[in-house]
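From first to last, the protein sequence lines stand for chains A and B.
Residue numbering for the first sequence follows the working numbering, beginning at 623 and increasing consecutively.
Residue numbering for the second sequence follows the working numbering, beginning at 80 and increasing consecutively.
C-beta atoms are modelled at their ideal positions from N, C-alpha and C, and glycine is treated no differently.
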Amino acid sequence: MDTQLKKGVLEMCVLIQLSRQDMYGYEIMKIIQDVFPDVYDGSIYAILRRIRGDGYAETYMKDVPSGGPARKYYRLTSHGLEYCEKLISEWEKMTRSVERLIK
Amino acid sequence: MNRKEFLDELENALAGRLTESDIREITSDYGDIFANGAENGKSEEDVAAELGSPARIARTILEDGPGRTGREYTDFQKNINEKTSKLFDKVIEPDRNVDVGRLASMSRRLGAYVIDGILLGVIVMGGIFALLVPLFMYSVRTEMTGYSVSGIPAGDMMIHMNEPGYATLTNFSITGVMGLFLLMGAFNFFTTIILWATNGYTPGKYILKIRVVKINGSKLSFLDALLRELVIKCIANSIVSGFLNLGSFIWGCVTEDHKTVHDLAAQTRVVEWDRTQK
Numbered sequence: 623m624d625t626q627l628k629k630g631v632l633e634m635c636v637l638i639q640l641s642r643q644d645m646y647g648y649e650i651m652k653i654i655q656d657v658f659p660d661v662y663d664g665s666i667y668a669i670l671r672r673i674r675g676d677g678y679a680e681t682y683m684k685d686v687p688s689g690g691p692a693r694k695y696y697r698l699t700s701h702g703l704e705y706c707e708k709l710i711s712e713w714e715k716m717t718r719s720v721e722r723l724i725k
Numbered sequence: 080m081n082r083k084e085f086l087d088e089l090e091n092a093l094a095g096r097l098t099e100s101d102i103r104e105i106t107s108d109y110g111d112i113f114a115n116g117a118e119n120g121k122s123e124e125d126v127a128a129e130l131g132s133p134a135r136i137a138r139t140i141l142e143d144g145p146g147r148t149g150r151e152y153t154d155f156q157k158n159i160n161e162k163t164s165k166l167f168d169k170v171i172e173p174d175r176n177v178d179v180g181r182l183a184s185m186s187r188r189l190g191a192y193v194i195d196g197i198l199l200g201v202i203v204m205g206g207i208f209a210l211l212v213p214l215f216m217y218s219v220r221t222e223m224t225g226y227s228v229s230g231i232p233a234g235d236m237m238i239h240m241n242e243p244g245y246a247t248l249t250n251f252s253i254t255g256v257m258g259l260f261l262l263m264g265a266f267n268f269f270t271t272i273i274l275w276a277t278n279g280y281t282p283g284k285y286i287l288k289i290r291v292v293k294i295n296g297s298k299l300s301f302l303d304a305l306l307r308e309l310v311i312k313c314i315a316n317s318i319v320s321g322f323l324n325l326g327s328f329i330w331g332c333v334t335e336d337h338k339t340v341h342d343l344a345a346q347t348r349v350v351e352w353d354r355t356q357k
C-alpha cells in the first residue's frame, strides 16, 4: 500500500479505536494488526506520538490490575474527537466517489 | 540483541536529532513493546528480532518528522501558503484578451513615468523628509554652536576633513546621497508592489491607459516586477549613475518594438490597454 495513504488510514483507525475507549499502546496495536497484519509495531507508536503531539490525544498512567509496571493510556481530547469525526466523514465521501468510479 | 542493547542503540541513533523528552518517550514506547512481548511469553531477543534494526526504526521516526505530519493549518496559514507558493510561480497562462501587438508609444510611457514620479514622489519624499529633517536640524545646530558632534570646533572641520573621525561635513553629504538612494529605492519598491498587485499598472499607466504584460500577454509575476522595477530601473541604473534609464528610453524610442533594458530583462512589454476590457 502507498505509505502516505496508509499513514493516513492507520491514523484514522487509531483515532476510531480511541474514540470508543481509552487504550494503551499494545492494545491498540493488536487490534490494528488483526486488520492490517503487515503493519509493524513501531508505526502504531509513531502514530500515537503524533496524535498526542498534535493535541488530539493525551496520556495518563494506569496501574495494571495483575501487577507489573503501570501502562500509558491514551485518551482522545475533544479536539481529537472532532478531528476523528471529520476524518470519518471525509473517508465516507471519498469511498463513495471511488466506488462510483469502480462500478 | 536484548532489550537494553536495543533501546541503547535506538537512543544513540536519535540523540541530537530530537529533543530529550521526545527520545525518552520513544524509548519508553519501545520498552512497552518489550514488556508486552514478555507477557506473551516472548524473550527479549525474540521481540528485538521482530522489531528489526534500531537504526532503521530511528530513520523511519526521523523521516516522519517531529510528529507534525497530521497537522492542520488555519485558514489564514493556508492563505499565506497559497500566496507564497504563487509568488515565485512563473508559469502563468497567457491572457488571450491582451493584444500584445498594440504597443504603447514611448511618449505615453514617459508621460506615465512623469505622473508616477509626481504622485509617488510626493508621498515618498514626504516620508523621507520626515526622516531627514531631524538629522538636518541636528547638523545645523551643531554648526551654530560652533562644535561638531565630535567636539571639534566647526571651523576646523575643513582642515581635519582628511583625518578619521572629523568628517562630519562628509557625513552629511553621505546622508544626502543615501537619502537620494533611499528615495529612488522606495519609489521603485512602490512601483514593484503596485505593478505586481494590479497586474501591470501604476497610477500613471492607469491614467494613460497602458499596461505592462509579459511578452506572451500574461500577467507579471512578482519576480518579473521586482526584476523590472527594482533590479534594473533602480539598482542597475544607480550603478551607472542614472544613464541606464536615459539610454534605455532613447533605445526604446529608436527601436521598432520599443524594448527598453528593463523590458528585455524581465521579458515584458508595455501595451495599450482599454480599461473597460476585463
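ask   = Whose Cβ in chain A lies nearer than 7 Å to the Cβ of B/N81?
value = Ordered by position in chain A, no residue passes the 7 Å Cβ test against B/N81, which lies about 17 Å from the chain.
query = Between which two residues does the beta strand (DSSP E) harbouring A/Y696 extend?
reply = 693-698
inquiry  = Taking contact to mean 3 or more Cβ pairs, one atom from each stretch, closer than 8 Å, check whether the region 688-697 of chain A and the region 705-721 of chain A are in contact.
reply    = no
query = Looking at chain B, which residues of the region 660-683 of chain A have a Cβ within less than 7 Å of any of its Cβ atoms?
reply = D663, G664, Y667, A668, R671, R672, I673, G675, D676
ask   = CB-CB under 8 Å to A/L670, same chain, minus the five flanking residues each way: which ones, in chain order?
value = V636, G647, I650, A679, Y696
message = Quick check: is the beta carbon of B/L125 nearer than 7 Å to any beta carbon in chain A?
response = The sequence as given places Asp at residue 125 of chain B; Leu does not occur at that position. Not one chain A Cβ lies under 7 Å of B/D125.
inquiry  = On the criterion of 16 or more Cβ atoms from any shown chain inside 10 Å, does A/L723 qualify as buried, or is it exposed?
reply    = exposed
task = Closer than 7 Å, Cβ to Cβ, to anything on chain B: give me those residues from the region 630-651 of chain A, in chain order.
result = E633, G647, Y648
message = To the nearest angstrom, how far is the alpha carbon of B/R307 from that of B/C313?
response = 9 Å
request  = May I have a chain-ordered list of the alpha helix (DSSP H) segments no shorter than 4 residues that lie completely inside the region 260-322 of chain B?
outcome  = 282-286, 301-304
request  = Could you give the DSSP three-state label for A/R642: helix, strand or coil?
outcome  = helix
query = Between A/K725, A/Y705, A/D644, which lies nearest to A/D676 when the distance is taken from Cα to Cα?
reply = A/Y705
key: Residues near B/H341 by beta carbon distance below 6 Å, same chain, minus five either side   = R307, I311, K312
task = Mind checking who A/E680 pairs with in its DSSP beta bridge?
result = A/R697
ask   = What residues from chain A crowd round B/L130, counting only those whose CB sits closer than 9 Å?
value = Y662, D663, G664
request  = Using a Cβ-Cβ cut-off of less than 8 Å, list which residues of the region 688-699 of chain A approach chain B; keep chain order.
outcome  = G690, P691, R693, K694
ask   = Assuming B/I102 and B/A94 make a contact with CB atoms under 8 Å, what is their CB distance in whole Å?
value = 7 Å
key: A/I714 - partner residues in DSSP beta bridges   = Residue identity differs from the one stated: residue 714 of chain A is Glu in this sequence, not Ile. The partner list for A/E714 (beta bridge, DSSP) is empty, contrary to what the question assumes.
request  = Return the residue from the list B/M204, B/E351, B/M185, B/L97 that minimises the CA-CA distance to B/L325.
outcome  = B/M185
query = If you check the beta carbons only, do B/T277 and B/D195 fall under 7 Å apart?
reply = no
ask   = Whose CA, out of B/G264, B/G279, B/A134, B/L323, lies closest to the CA of B/I207?
value = B/G264
task = Please look up how many angstroms separate the CB atoms of B/K293 and B/Q346, rounded, as I've assumed it's under 8 Å.
result = 6 Å
query = In or out: B/N267 buried (at least 16 other Cβ within 10 Å) or exposed?
reply = buried
task = For B/E351, name the three-state secondary structure that DSSP assigns.
result = strand
request  = Ignore the nearest five residues each way along the sequence and tell me which others in B/L262's own chain have a CB closer than 7 Å to its CB.
outcome  = V203, M204, I207
inquiry  = Spatial neighbours of B/I112 within its chain, please: C-beta separation below 8 Å, excluding the five flanking residues on both sides.
reply    = V126, L130
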